[in-house]
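Single-structure report; data block below.
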Amino acid sequence: MGTVIKLEDLVKCPLDWEKKFGPDAWWLSLPQLDWYYSFAQHAVDYSELPLDLPQVDIDYEDPEELRRLLANISDRRPAAEKLYMTRAGRLYDLTFMTPAEHGKHFAARMTEKDALERSRETGISFFFKNYSSADLERAFWAWFWLTFQNVQSYGEYEEFLDPEAELSKSPEAALWHRLLSETGLRICTDTLLPVGACNGEPTSFLCYDMHFGSKTAHCIPVSEAEAKRIMGDLEILGNDALNC
């Protein structure tokens, strides 16, 4: 049992993605798969990592072989963690500002009618309500899961990153590379129900404006046309998480 615990500690992702994706989905999320990728970049082949611990045969006949395995993984973990936190790990601690905290697109005593009129007059979009940070974060990770469902294994994730592989030519792969590397990025989701007013019309499209240096994201109601412009070739899937 002690060996199982030590192996689990050594290969476990430093971030708890189950909190973002839930108990049934986190292990196939891109951030979790990127942890395995980051580990494998430091001379530990993915096939040698005991990742699925309940099914791993750890009864090594040679205790020295087991000792070397543990030492090998232990030596490489710090470098893997350092790499990982510059990649998918940087997404974990994003703080999602409420509309009131950001200020520009929300007024506390504004009715929906007021928001429609002011958005028409000023060209500034306005929220109908002050969504909580937790609600905005939940909707973001729901968007994330819906968007990146085309990767279902670590092997496919390697193809997702390989510029020569067909899977890497998808719009999802292009967006993932941007999420891993750019200092700031906007993405849009369709919340299915109106979140605010844009150019005098209700809109269900929500833009997340992310700044990775400050670890913050603020949201803006946008028109369908603007959402499509921001997302390019990537289909904007319906996402009901903000309404739950």
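The numbering used here numbers the first residue of the sequence shown as -4 and each following residue consecutively. Think of the CB as a built atom: it goes at the ideal place given N, C-alpha and C, for glycine as much as any other residue.
According to DSSP, residue pairing for H213 in a beta bridge involves D204. Counting other Cβ atoms within 10 Å of its Cβ, C8 reaches 16 or more and is therefore classed as buried.
Residues F207 of the same chain have their beta carbon placed closer than 7 Å to that of R85, with the five preceding and five following residues left out of the count.
Straight-line measurement puts the Cα of H100 at about 48 Å from the Cα of S69.
Excluding residues up to 5 positions away in sequence, A134, A137, W138, L141, T184, D185, T186 and L187 lie with their Cβ nearer than 8 Å to the Cβ of N234 in the same chain. Taking the C-beta atoms as reference points, A74 is found no nearer than 8 Å to A192. Taking 8 Å as the upper bound for CB-CB distance, S33 and L89 are not in contact here, some 19 Å apart. For L180, the uninterrupted beta strand (DSSP E) segment begins and ends at G179 to D185. In the three-state reduction of the DSSP assignment, P197 falls in the strand class. In the three-state reduction of the DSSP assignment, F121 falls in the strand class, which pools E and B. Here F139 carries a helix assignment [DSSP, helix/strand/coil].
Nearest C-alpha to L5 among S24, E76, G227 and D29: E76. Our two residues, R104 and E112, have alpha carbons roughly 14 Å apart in a direct line.
The Cβ-Cβ distance between F143 and E161 does not fall below 8 Å. In this structure, S120 sits near I215, with a CB-CB distance shorter than 8 Å. The C-alpha of V217 is placed about 11 Å away from the C-alpha of R224. Residues of the same chain with a CB within less than 7 Å of the CB of H213, apart from the 5 flanking positions on each side, are M92, H97 and D204 in chain order.
With a minimum length of 4 residues, the unbroken runs of alpha helix (DSSP H) contained wholly in the region 139 to 178 fall at 149 to 156 and 166 to 176. Of the residues N125, T178 and G195, the one whose Cα lies closest to the Cα of R82 is T178. Counting along the chain, the unbroken alpha helix (DSSP H) around M226 starts and ends at E219 to M226. Straight-line spacing of the CA atoms in R72 and A129 works out to 31 Å. Here S127 is exposed, its C-beta having fewer than 16 other C-beta atoms within 10 Å.
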